[in-house]
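Remarks on the structure that follows.
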Amino acid sequence: MSNPVGSLSQSMVYEPRLGMTDESLTVMERSRTSGEPWDPEESKPNMETLERGVPGLYLSCFDMLLTEDTTWLVKVSDSSQTLTLPMARMAPQDEPEQCPVIDSQEQGLSPGLEGQEERSLEQVQSLVVGEVLKDIETACKLLNITPDPVEWNTGNVQKWLLWTEHLYRLPHAGKAFQDLTGKDLCAMSEEEFHQRSPQCGDTLHAHLDIWKSAAAWMKERCSTGDEKTHADEELWSEADSSCSGQPIHLWQFLRELLQKPHNYGRCIRWLNKDKGIFKIEDSAHVARLWGLRKNRPAMNYDKLSRSIRQYYKKGIIRKPDVSQRLVYQFVHPV
DNA sequence: AAGCAGGATTTCC
DNA sequence: GGAAATCCTGCTT
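Under the UniProt record's numbering, the first sequence has 218 at position 218, and the numbering climbs by one with no breaks.
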């Protein structure tokens, strides 16, 4: 049986035509450490813990806002080659320690086990690519855009830019790409990206290449039909309440987050689902998610909570009988 | 300091 | 025009 993950992994890594060159990815690695376009207060995962005891494998873990503020960079090095792949872990497992990359390393990436190295590298690549795809799928749901950049309108492009800028801590470059559709973007060379934004054009171009590759693979996976996942179906059929054509309402968005405790449980959760009582555990995080969805980078909890309070009059959300900080209640629980 | 309440105004679709 | 976004003052925890 063919292994589409493996084949994409190979092409992403070894075929420069896809743009997944070491250079472009190294640029991404460099650039993500500079600039603080969003709130700088976000927590940084403990990198020491993640890097401990992982010879030949460099794992960098930094925050992002999607689900659990965790993005991964995996860099596998040996004497002959270097593979660097950005991984946005937007759908993390319960325990970060169970990162598949670390598992793979334990299966034979250690120096001295050369016979297994090639196979292990492939395994790592497969896992990494799988994670990248998962993350792109999650990002698509959050941003309410399709995975294929070619299909993006100008608004989608701006959302993606905002998202990517946050991901790699780039200065805001949306204006430089204003009025461009996804098709326009995809037709642009790295040089053109650089001309429009000398500071982050390279990174954006490299990141777009990842999305293009991922979209191609997803479509291939759909057409072959042998590995179509639920995630795909959800993604391409736009089954979410947010995809009904109408712009999403704040209360719908909050419901969506609450429906996915695995992804968002650390920033918002039910206190009493039957009564519709929920608590915002991380107000800044929820506000950022909302800002991303609405393409409002200046969104904060002060403004979000004002919008929630507008629901009091409308009978959509209220404060529970016993008022508590950051706790609200849906007037009509499902 | 952060959250809460609600008025006023502006922006966006 | 409706729903938010934005900005604001004053109050509470």
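Built from N, CA and C at the ideal position, the CB exists for glycine as well.
Neighbour-count burial assignment, residue i, 16 or more Cβ in a 10 Å radius
| i | result |
| --- | --- |
| Y312 | exposed |
| P147 | buried |
| K275 | exposed |
| A298 | exposed |
| P141 | The sequence given here has Lys at residue 141, not Pro. Looking at its Cβ environment, which holds 16 or more other Cβ atoms inside 10 Å, K141 is buried. |
| V334 | exposed |
| E191 | exposed |
Own chain, CB closer than 7 Å to residue i, minus 5 neighbours either side, in chain order
| i | result |
| --- | --- |
| residue 350 | Here the chain comprises residues numbered 1 to 334, so residue 350 is not present and cannot be evaluated. |
| A176 | R196 and S197 |
For residue i, three-class secondary structure by DSSP
| i | result |
| --- | --- |
| V327 | strand |
| I145 | coil |
| W270 | strand |
| K294 | coil |
| K275 | coil |
| R318 | strand |
| I248 | coil |
For residue j and residue i, the rounded distance between their alpha carbons
| i | j | result |
| --- | --- | --- |
| H332 | G315 | 8 Å |
| K294 | V322 | 31 Å |
| S305 | R266 | 18 Å |
| L326 | F193 | 42 Å |
| D302 | W160 | 24 Å |
| A284 | R196 | 31 Å |
| K319 | I308 | 10 Å |
| K219 | Y328 | 41 Å |
| D135 | Q324 | 34 Å |
| A215 | S189 | 18 Å |
| I210 | D179 | 22 Å |
| A139 | N300 | 20 Å |
| W217 | E137 | 12 Å |
| K260 | W270 | 11 Å |
| S213 | L162 | 20 Å |
| N272 | H262 | 17 Å |
| Q310 | I317 | 9 Å |
| R296 | Q246 | 17 Å |
| F330 | L127 | 40 Å |
Contacts around residue i, its chain only, beta-carbon distance under 6 Å, and the 5 residues preceding and following it disregarded
| i | result |
| --- | --- |
| V150 | G182, K183 and C186 |
Residue i beta carbon near the ligand ADP (any heavy atom closer than 7 Å)
| i | result |
| --- | --- |
| Y312 | Within the structure as shown, the ligand ADP is missing, as the structure has no ligands at all. |
Own chain partners of residue i with C-beta closer than 8 Å, once the 5 adjacent residues on each side are dropped
| i | result |
| --- | --- |
| C200 | S31, E165, Y168, L170, P171 and A173 |
| I268 | L254, L257, L258, F278, K279, I280, E281, D282 and V286 |
Using 8 Å as the cut-off, can you tell me whether the segment 160-179 makes contact with the segment 200-217, which would need three or more C-beta pairs spanning the two stretches below that distance? yes
Quick check: the segment 245-263 against the segment 288-307, are there 3 or more CB pairs under 8 Å? Taking one beta carbon from each stretch, the segment 245-263 and the segment 288-307 have 3 or more pairs nearer than 8 Å; the two touch.
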